[in-house]
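Protein chains: 2
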Amino acid sequence: MSICVVRQGACVRWTKANSLEVRGKSGQGQALAQSHIRDPKKNRRLLVQATLDSVAEAGIAETTVSAIIKRAGLSRGMIHLHFGGKDGLIVAAAEAFGEEYYSEMDRQLALVSGDPASVVRAVIRADLSPEILNRRSAAIWHGFRGEARTNPAIARFSDTRDRRLRLMVFNAFDALLNTNPQDQDRELANEVTLGALALLEGMWTDYMTHPNAFSRDTANRIILRFLNGVVPGAFPVEQSGI
Amino acid sequence: MSICVVRQGACVRWTKANSLEVRGKSGQGQALAQSHIRDPKKNRRLLVQATLDSVAEAGIAETTVSAIIKRAGLSRGMIHLHFGGKDGLIVAAAEAFGEEYYSEMDRQLALVSGDPASVVRAVIRADLSPEILNRRSAAIWHGFRGEARTNPAIARFSDTRDRRLRLMVFNAFDALLNTNPQDQDRELANEVTLGALALLEGMWTDYMTHPNAFSRDTANRIILRFLNGVVPGAFPVEQSGI
DNA sequence: ATACTTAATGGACGATCGTCCATTTCAGAA
DNA sequence: TTCTGAAATGGACGATCGTCCATTAAGTAT
Numbered sequence: 001m002s003i004c005v006v007r008q009g010a011c012v013r014w015t016k017a018n019s020l021e022v023r024g025k026s027g028q029g030q031a032l033a034q035s036h037i038r039d040p041k042k043n044r045r046l047l048v049q050a051t052l053d054s055v056a057e058a059g060i061a062e063t064t065v066s067a068i069i070k071r072a073g074l075s076r077g078m079i080h081l082h083f084g085g086k087d088g089l090i091v092a093a094a095e096a097f098g099e100e101y102y103s104e105m106d107r108q109l110a111l112v113s114g115d116p117a118s119v120v121r122a123v124i125r126a127d128l129s130p131e132i133l134n135r136r137s138a139a140i141w142h143g144f145r146g147e148a149r150t151n152p153a154i155a156r157f158s159d160t161r162d163r164r165l166r167l168m169v170f171n172a173f174d175a176l177l178n179t180n181p182q183d184q185d186r187e188l189a190n191e192v193t194l195g196a197l198a199l200l201e202g203m204w205t206d207y208m209t210h211p212n213a214f215s216r217d218t219a220n221r222i223i224l225r226f227l228n229g230v231v232p233g234a235f236p237v238e239q240s241g242i
Numbered sequence: 001m002s003i004c005v006v007r008q009g010a011c012v013r014w015t016k017a018n019s020l021e022v023r024g025k026s027g028q029g030q031a032l033a034q035s036h037i038r039d040p041k042k043n044r045r046l047l048v049q050a051t052l053d054s055v056a057e058a059g060i061a062e063t064t065v066s067a068i069i070k071r072a073g074l075s076r077g078m079i080h081l082h083f084g085g086k087d088g089l090i091v092a093a094a095e096a097f098g099e100e101y102y103s104e105m106d107r108q109l110a111l112v113s114g115d116p117a118s119v120v121r122a123v124i125r126a127d128l129s130p131e132i133l134n135r136r137s138a139a140i141w142h143g144f145r146g147e148a149r150t151n152p153a154i155a156r157f158s159d160t161r162d163r164r165l166r167l168m169v170f171n172a173f174d175a176l177l178n179t180n181p182q183d184q185d186r187e188l189a190n191e192v193t194l195g196a197l198a199l200l201e202g203m204w205t206d207y208m209t210h211p212n213a214f215s216r217d218t219a220n221r222i223i224l225r226f227l228n229g230v231v232p233g234a235f236p237v238e239q240s241g242i
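Heads up: the sequence lines are chains A and B, in that order.
In this text, residue positions in the first sequence follow this note's numbering: the first is 1, and each later residue adds one.
In this text, residue positions in the second sequence follow this note's numbering: the first is 1, and each later residue adds one.
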């Protein structure tokens, strides 16, 4: 759309951001692809995606302003314009990542019937699915989690994200274990929930450190085997998993 | 020992590194505390510890040369002198951290009788003990694990560390499950091992993100409960844990 | 066409990064 | 004491960090 004229020998390439192609990734194109009508938030999303890609490939430390704008094909000032600074962009990227996670999780859970064991099975399967657990997401999640220790904004987001998943799993185990309500049963449900989530966390870590040796089927089967041990019979382990 | 004379107004403090006090932390003082005889590797250790402390408190990204030498009370050039550069120091710090981990793990395991279930119990208890799992170690471990994706030297160290722990646990489960040797049992032992380690990983993550809400007893009890499910009766869960 | 608002640019800026090395300090030998 | 080699120092250096803003480009209203 606009060729950056070589002035003082600085810019030599197309600014890809303004080309007409519309990234069809998240299919929400609400008549945005029409000829001149530009998406007013396109560059915002472009910067957020570039940030996430950079965090995934190069890590948080290497995700500099220069690296981000190079990926996005935009100019330096855009970050300050849209997010007030780099920190604002990082937080926005963390939020966007959380939305990616939960929108896919919800999509996969929407197809599942309501009995508690099925919900748990579906959560585990979804959390290990290629759409949710992949090199990009594992690296991003690890990076942001580390950042959460220092950055309060990210810590808050990270917490709420965790809480929602925990509540979902807890409710399932609560319904599964509490045929007649009792306090120690509720405590048991809480412990089983923590254990299940710890197993998932550990699998994510395992995947991140050894993505090639990792098997989703095996991970899924192991978790079901462990859950079937604490809630006997509720999670029969099939021979071939996912 | 040496006051840095104010020259060009740069240095105004004692260089703490050369004061006579000997850090009694790792009690290996082999006659080093005697009057003039200086420990030739004191500054190496000082830099490594300063690096680990910085990684623990401020994260990998904030662990700069300036931050490290400020903590160590040494001068800029020491890092280049002893480690060839910052990267060398980071790797040395990762190795030192691994040694800290395993020396403490070995110390705690040395007291344990040899039956497999006791070994597993001891590994879990040790891995969750305050000496091994604390804010410092959790933050350091998380930081280095993220760095391992990019830094081959750290990846290699990180891998060998993991492998040793895994082998230890696997052998225990193998002995526990294989009364008469069979292939599918060996596969089962492998899966139980992966699950147990994933549980520990998850607990470490949980501790790192919520150190105040974390309970070592609860974590220990949860893991034993899950293990008792997959190896029935081998890990009876007491009412009050660790 | 002209004026005006918003989006976007990219270079300037001071701060800080890690590396390197000329110099100084120090302990032990001569 | 003087000499010598190693240990230690801290400032110089170019590179790169994130921020900021004067300027240009694009879109809309008059």
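Each residue gets a CB set at the ideal place from its N, CA and C atoms; glycine is no exception.
I'd like the list of long-range same chain contacts for residue i, defined as Cβ closer than 6 Å, with 5 residues on each side in sequence excluded.
| i | result |
| --- | --- |
| R135 of chain A | P211 |
| L20 of chain A | Note that L20 of chain A scores 27 on pLDDT, short of 50, meaning its location in the model is unreliable; the coordinates nonetheless yield the value given after this. Excluding sequence neighbours, L20 of chain A sits near nothing in its chain. |
| I223 of chain B | I124, L199 |
| A56 of chain B | R136, A139, I140 |
| A50 of chain B | I68, R71, A72 |
| Y101 of chain B | none |
Please name the residue, chosen from the options, that lies closest to residue i on a Cα-to-Cα basis.
| i | options | result |
| --- | --- | --- |
| N228 of chain A | A:D106, A:A117, A:E99 | A:A117 |
| R166 of chain B | B:E104, B:K70, B:A189 | B:A189 |
| F173 of chain B | B:E191, B:T160, B:R164 | B:E191 |
| W204 of chain A | A:T150, A:R164, A:I132 | A:I132 |
| G98 of chain B | B:F157, B:N180, B:V169 | B:F157 |
| F235 of chain A | B:N180, B:A234, B:V230 | B:V230 |
| T193 of chain B | B:A110, B:R121, B:R76 | B:R121 |
| N119 of chain A | A:D162, A:E104, A:F170, A:K41 | It should be pointed out that residue 119 of chain A corresponds to Val in this sequence rather than to Asn. The candidate whose alpha carbon is nearest that of V119 of chain A is A:F170. |
| R225 of chain A | B:E187, B:M78, B:H80, B:A175 | B:E187 |
| P152 of chain B | B:D87, B:G77, B:K41 | B:D87 |
Mind checking if residue i is an interface residue toward chain B, Cβ cutoff 8 Å exclusive?
| i | result |
| --- | --- |
| R221 of chain A | yes |
| F226 of chain A | yes |
| A189 of chain A | no |
| T51 of chain A | no |
| T205 of chain A | yes |
| A117 of chain A | no |
| G233 of chain A | no |
| R145 of chain A | yes |
| G85 of chain A | no |
| L199 of chain A | yes |
Verify the CB distance criterion: does residue i have a CB-CB separation below 8 Å to chain A?
| i | result |
| --- | --- |
| M168 of chain B | no |
| D174 of chain B | no |
| V91 of chain B | no |
| R216 of chain B | no |
| G98 of chain B | no |
| R230 of chain B | Residue 230 of chain B is actually Val in this sequence, not Arg. Yes, V230 of chain B counts as interfacial toward chain A. |
| G202 of chain B | yes |
| D185 of chain B | no |
| R149 of chain B | yes |
| T160 of chain B | no |
| G195 of chain B | yes |
| I79 of chain B | no |
Buried or exposed: residue i, going by 16 or more other Cβ atoms within 10 Å of its Cβ?
| i | result |
| --- | --- |
| E201 of chain B | buried |
| S137 of chain B | buried |
| G195 of chain A | buried |
| A245 of chain B | This structure gives no information on residue 245 of chain B, because the portion of chain B shown stretches from 1 to 242. |
| T209 of chain B | buried |
| A126 of chain B | buried |
| N43 of chain A | buried |
| N178 of chain B | exposed |
| T160 of chain A | exposed |
| A31 of chain B | Low local confidence applies: a pLDDT of 32 at A31 of chain B is under 50, so the model's placement there is unreliable, and no value is given. |
| S54 of chain B | buried |
| S66 of chain A | exposed |
| D206 of chain B | buried |
| G84 of chain A | exposed |
| G9 of chain B | Unreliable positioning characterises G9 of chain B in this predicted model, as indicated by a pLDDT of 25, which lies under 50. The coordinate reading is nonetheless provided below. Label assigned to G9 of chain B: exposed. |
| T63 of chain B | buried |
| H80 of chain A | exposed |
In chain order, what residues of the same chain have a beta carbon less than 8 Å from the beta carbon of residue i, not counting five sequence neighbours either side?
| i | result |
| --- | --- |
| I154 of chain B | I90, V91, A94, F144, E147, A148 |
| V48 of chain B | L89, A92, A93, A96 |
| N180 of chain A | none |
Using a Cβ-Cβ cut-off of 7 Å (strictly less than) and excluding sequence neighbours within five positions of residue i, which residues of its own chain qualify?
| i | result |
| --- | --- |
| S129 of chain A | Q108 |
| R23 of chain B | Residue placement at R23 of chain B is flagged as unreliable, the pLDDT there being 31, under the threshold of 50; the coordinate-derived value follows with that caveat. Around R23 of chain B: no qualifying Cβ. |
Comparing the CB of residue i with every heavy atom of the ligand SAM, is any distance shorter than 7 Å?
| i | result |
| --- | --- |
| V112 of chain A | As far as ligands go, the structure on display features none, and thus does not contain the ligand SAM. |
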